[in-house]
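The structure appears below as structure tokens.
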RNA sequence: GGCGCUAUAGCCAAGUGGUAAGGCAAGGGACUGCAACUCCCUGACCCCCGGUCCGAAUCCGGGUGGCGCCU
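In the numbering used here, the protein residues as written are 2 to 309.
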């Protein structure tokens, strides 16, 4: 298996399709937002041309108001992998959602615990009423080790950890062990794309947002807002940022600046995530016009990895 | 040319004599079921010069820059 990751605007789409062509592969997207239908512009979903005739999986199949999680992702992506392999082709994971990529590549199992939306809602309400101190203190009692690893302010993680214990009766550490019980069948070749010059990456992000605006980002977002109730898909950058503009609280230009800034911060977080994975072979995409050279670098990495 | 106001971190900004709040940005980091989420960590000797005082970002004088008004 080949995996191509990296921050937003680093060139994953272009590289992914080209590598698939060269290697006889198919792309499995690892992007928590491109799974949704109708978010073509806001999530920079690959266009027909960009896909270059290569099959792309895990894209554009969910309604924007449907819930989705890593567990769902891993389950579905595994099916894609099996399917692609059965046809004798190479699965290429391409995406920027680190959690999805790692969970898939490391074969993290989520089967032993469920998620219970009723319990989740109950805990969230409890958090609102009784405060984060109460929530954290209880987690400390239920699962001291998990608590020690989560900052008290991180309400989302505190709730999830609490939920895990309540649902499974197992501590976070025990659950963690179980999730790794089955060793990963993959020996992935991992490629990380980014501009070694951070400023250049940021410039690219800024320009891309401008292009999105020209392509009709505002209309796309407005359409989703009128057709759907706020859900996960609204976490995509571009949605909450455009709301003040729709309400007449700021100009489009101001909203656009926020979108750019949020996207830059997102890219930084992605880099933080990927940098800690020592398996990743980094390729500089600063010179995006030299796409052939970039592909050559990637192919050299693939050759050394012996996955073919 | 005159008069008034002002000068604190990249930006916004508190402090008004006792040894520099806060927010944003930026950088670093964490993150196994909403992850484009959520969360954590990091920063100045207060425009310059001189003076008063045990002690000044805080008071006084001068300089420089900015803002406003007037001629």
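Beta carbons: idealized from backbone N, C-alpha and C, even for Gly.
> Helix, strand or coil: how does DSSP classify residue 11 here?
Replying inline: coil
>> Taking the alpha-carbon of residue 119 as reference, which of 263, 280, 164, 85 has the nearest alpha-carbon?
In response: 164
> Can you list, in chain order, the residues of its chain whose CB lies under 8 Å from that of residue 38, leaving out five sequence neighbours each side?
Replying inline: 61, 62, 63, 64, 65
> Under 8 Å between the Cβ atoms of residue 136 and residue 146?
Replying inline: no
> In or out: residue 213 buried (at least 16 other Cβ within 10 Å) or exposed?
Replying inline: buried
> Under a Cβ-count criterion, where at least 16 other Cβ atoms within 10 Å of its own Cβ denotes burial, should residue 294 be classed as buried or exposed?
Replying inline: exposed
> When the Cα atoms are used, what is the spatial distance from residue 107 to residue 166?
Replying inline: 23 Å
>> Under 8 Å, with one C-beta from each stretch per pair, do the region 253 to 268 and the region 199 to 211 reach the 3-pair mark?
In response: yes
> So, is residue 273 buried or exposed, given that buried needs 16 or more other C-beta atoms within 10 angstroms?
Replying inline: exposed
> Would a C-beta distance cut-off of 8 Å place residue 195 and residue 30 closer than the cut-off?
Replying inline: no
> What are the boundary residues of the alpha helix (DSSP H) that includes residue 77?
Replying inline: 71 to 87
>> For residue 68, count the other beta carbons within 10 Å of its own beta carbon; 16 or more makes it buried, fewer makes it exposed. Which is it?
In response: exposed
> Where does the unbroken beta strand (DSSP E) through residue 27 begin, and where does it stop?
Replying inline: 26 to 30
> What is the rounded straight-line gap between the Cα of residue 218 and the Cα of residue 43?
Replying inline: 6 Å
> What number of angstroms, rounded off, separates the C-alpha of residue 54 from the C-alpha of residue 82?
Replying inline: 18 Å
>> For residue 233 and residue 301, what's the separation of their Cα atoms in angstroms?
In response: 38 Å
> Given residue 93, which residues of its chain have a CB within under 8 Å of its CB, disregarding the five upstream and five downstream residues?
Replying inline: 2, 3, 4, 5, 17, 20, 21, 24, 26, 27, 28, 29
>> residue 308 and residue 190 - do their beta-carbons sit closer together than 8 Å?
In response: yes
>> Give me the residue from 186, 138, 87, 176 with the minimum Cα distance to residue 112.
In response: 176
> Nearest CA to the CA of residue 281: which residue from 268, 290, 270, 299?
Replying inline: 299
> Assuming residue 256 contacts residue 8 under a Cβ cut-off of 8 Å, what Cβ separation, rounded to an integer in Å, is found between them?
Replying inline: Residue 256 to residue 8, Cβ: 22 Å. No contact.
>> Given this structure, state the Cα-to-Cα distance separating residue 1 from residue 238, to the nearest angstrom.
In response: The requested residue 1 does not occur in the structure, where the chain is confined to residues 2 to 309.
> Of the choices 59, 279, 77, 109, whose alpha-carbon is the least far from that of residue 183?
Replying inline: 109
> What number of angstroms, rounded off, separates the C-alpha of residue 275 from the C-alpha of residue 134?
Replying inline: 32 Å
> Between the beta-carbon of residue 144 and the beta-carbon of residue 156, is there less than 8 Å?
Replying inline: no
> Where DSSP assigns a beta bridge to residue 295, which residues make up the other side?
Replying inline: Its beta-bridge partners do not exist; DSSP assigns none.
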